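Structure first, then comments.
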Amino acid sequence: MKEVLGMDRQRSFSFKPKRLLVFSLTICSSIIFMVLFSIWVIQLTPSVFQQTHLQFNASSLLTAQSLTGFNRSSSVVSGVQGSILIHTQFSKHENDSDWSGISVIGGLEEENNESEVVEDGEENEDTSVVSGVQDPLLIDTQLSKPVNVSGFSGISVIGVLEKESSESKVVEKEDEDKESLTENSPPPIVRSEVSRDENVTETSSKKVEIIVEEKKSKETVLRKALISSARDCDVRRGKWVFDESYPLYTNTSCPFIDEGFNCESNGRPDKGYMKWRWQPQGCDIPRFNATKMLELIRGKRLVFVGDSLNRNQWESMLCMLMGAIKDPTKVYETHKRRITKGKGNYSFRFVDYRCTVEYYVTHFLVHEGKGRVGQKRLQTLSIDSIDRSSSRWKGADILVFNTAHWWSHYKTKAGINYYQEGGQVYPRLDVSTAFRKALTTWASWVDTHINPRKTRVFFRSSAPSHFSGGQWNSGGHCNKATKPLTEISSTFVSDKNVVVEEVIKQMKTPVTVLNITGLSQYRIDGHPSVYGTRRSNSQDCSHWCLPGVPDSWNEILFAYLYQSKHGLTGF
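Using the UniProt record's numbering, you'd call the opening residue of the sequence shown number 1 and step up by one each time.
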């Protein structure tokens, strides 16, 4: 009995061969399954290569057609404001005809990154656009074109996004023909190799076509216009071109146009005078950019000094700058004065840019006062003494002077007992001599009180009048003109402009002449004429409607300032 029990126990602890085989197969299958599963999981990681087909058309649109396909929640980054390095290189071999070695680096710590990326909404309904990214972004793009190839082949795009948070995720699905992953590539790096092959057919049903509209940044447009002007550009010669994109503002968008210049509000029926743009011969003036101009004068003082024609230009500048202001309440006159012909000193502060745009009236740049002639004290012009408002000109960063409008036979009393030098009042002195003496006094003040390392000085040339049939006080008119003149006298030379240039050449302080006389000579249609006020019977053929001709003066001023800022030369 004991022997039987012992045999049963021994039989119970033995393994049959079939069981051993099944057990071994189970273990091996499990190991193989785990290995295959691990490989599959690794292949689903974000570090993938994708092939993309790029096409460039004539309108600077970049079409990127993905051959592997993006998930519908792909992420697009634009308007990056953080630490950004964008490096783009275009290279071309000797026998190519399209690209020739271009290197463009942009977007370094810029507040106004103006490149925009637009994706096709039909196939990317859930595409998210992320702007204002604050994290470091490195985008390195290399475009190369081999010998005897008509298109682009071998384009590599490497994008590196480093983010502390996981707000933006890019999930990419693979096609069967996708290249295998590089095991050592770290997860935060999205690396894409893009190639163009004429024999490639787009057969994937999950492919996404991304249209990237490459808008030329305003910075690039401005630089291009200015560089084209850098070779002996003479803004005095050119023509007026009708441009439907003008004016840059309207009388409703700008609250600073006083009654005398607000021709539309005063009932002028035609609008064509607002839509003319000055095109110099052989060069370009960049379109005025209010944001760029405000950046140029950020934390500075832009000061206009002169007669009512300079007030005309100053009001134009205020209106043009308002195009970049989102909150009009952040622009105000520091003394709460309303612009009128009566009060001549104004200072408008642009809060967000910590700058002021100011105007100080002075008809002659020198002091208007009284002098003793015999037993009487008469109104005189002290041509050897600077205007009393000059203390306010000091410390300005940009000064724009003018004088000419008042140097007329009528307004200077024909030079009889009017001009004073020291204690002497000249019984008679001609206008040209008095004007030269006054300009010399102004030049001496500038050389003495202006630091050229801080202040840029401009002198605007005289603006022409267009009276026909008389003068401003004797029935002169210009109301019949609705278009610019097609030609002007080539022999016309302003005597005052000649004096200005001669005096400036003798100065030690650099002064730029803002020569607007010639281009303004064509614009007989730009004056208020009978639309200067609603009540006057006389016509104003000296000042200018706003919007209008002074806007072009300011576009030239803007071009000069922008040139100087970026180390360009010309004009």
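Beta carbons: idealized from backbone N, C-alpha and C, even for Gly.
Just so we're clear, the structure is a prediction, and the values are computed from it rather than from any experiment.
Secondary structure at residue i, three-state DSSP: helix, strand or coil?
| i | result |
| --- | --- |
| Lys376 | strand |
| Phe261 | helix |
| Arg388 | helix |
| Glu244 | coil |
| Ile278 | Looking at the sequence itself, residue 278 is Trp, so the reference to Ile does not match. In this structure, Trp278 counts as strand in the three-state DSSP scheme. |
| Leu557 | helix |
| Lys512 | Correcting the residue identity first, residue 512 is Thr in this sequence and not Lys. If DSSP states are grouped into helix, strand and coil, Thr512 belongs with the strands. |
| Phe458 | strand |
| Ser542 | coil |
| Asn417 | coil |
| Cys283 | coil |
| Leu365 | coil |
| Gly371 | strand |
| Lys239 | strand |
| Val41 | helix |
| Leu302 | strand |
| Leu309 | helix |
| Phe435 | helix |
| Thr403 | coil |
| Pro17 | helix |
| Glu487 | coil |
| His566 | coil |
| Asn266 | coil |
| Gln521 | helix |
| Asn473 | coil |
| Leu25 | helix |
| Asn289 | coil |
| Thr340 | coil |
| Ser552 | helix |
| Leu429 | coil |
| Cys478 | coil |
| Asn537 | coil |
| Ile32 | helix |
On the CB-based measure, 16 or more other CB atoms within 10 Å of its CB, does residue i come out buried or exposed?
| i | result |
| --- | --- |
| Val508 | Here residue 508 is Lys; the residue named in the question, Val, does not match the sequence. Lys508 comes out exposed. |
| Leu20 | exposed |
| Arg377 | exposed |
| Gln563 | buried |
| Gln539 | buried |
| Pro269 | exposed |
| Lys173 | Bear in mind that the predicted position of Lys173 carries a pLDDT of just 40, short of 50, making it unreliable; the figure below should be weighed with that in mind. Exposed is the call here. |
| Arg460 | buried |
| Cys478 | buried |
| Thr26 | exposed |
| Gly526 | buried |
| His566 | exposed |
| Thr267 | According to the sequence displayed, residue 267 carries Gly and not Thr. Classification for Gly267: exposed. |
| Ser390 | buried |
| Val400 | buried |
| Trp40 | exposed |
Would the beta-carbon of residue i fall within 9 Å of that of residue j?
| i | j | result |
| --- | --- | --- |
| Lys496 | Ser520 | no |
| Ile488 | Gly518 | yes |
| Thr340 | Ser347 | no |
| Arg392 | Asn451 | no |
| Ser542 | Trp278 | no |
| Ala443 | Tyr419 | no |
| Glu358 | Val303 | yes |
| Val498 | Ile504 | no |
| Tyr522 | Lys239 | yes |
| Tyr273 | Cys263 | yes |
| Ala438 | Leu365 | yes |
| Arg349 | Thr334 | yes |
| Thr362 | Asp284 | no |
| His405 | Leu309 | yes |
| Arg338 | Pro280 | no |
| Tyr410 | Gln471 | yes |
| Pro547 | Tyr246 | yes |
| Leu381 | Thr412 | yes |
| residue 588 | Val305 | Because residue 588 is not part of the residues shown, which for the chain are 1 to 571, the question remains open. |
| Lys466 | Ile386 | The residue asked about is misnamed: residue 466 is His in this sequence, not Lys. No, these two residues do not count as a Cβ contact at 9 Å. |
Consider the C-beta atom of residue i and the heavy atoms of the ligand MG; say whether any pair is separated by less than 8 Å.
| i | result |
| --- | --- |
| Gly476 | Here there are no bound small molecules, and the ligand MG is not part of this structure. |
Given 8 Å, three or more beta-carbon pairs between the stretch 360-369 and the stretch 312-321 | no
Are three or more beta carbon pairs between the stretch 293-305 and the stretch 527-534 nearer than 8 Å? no
*Is there contact between the stretch 286-293 and the stretch 318-328, where contact requires at least three CB pairs shorter than 8 Å?*
yes
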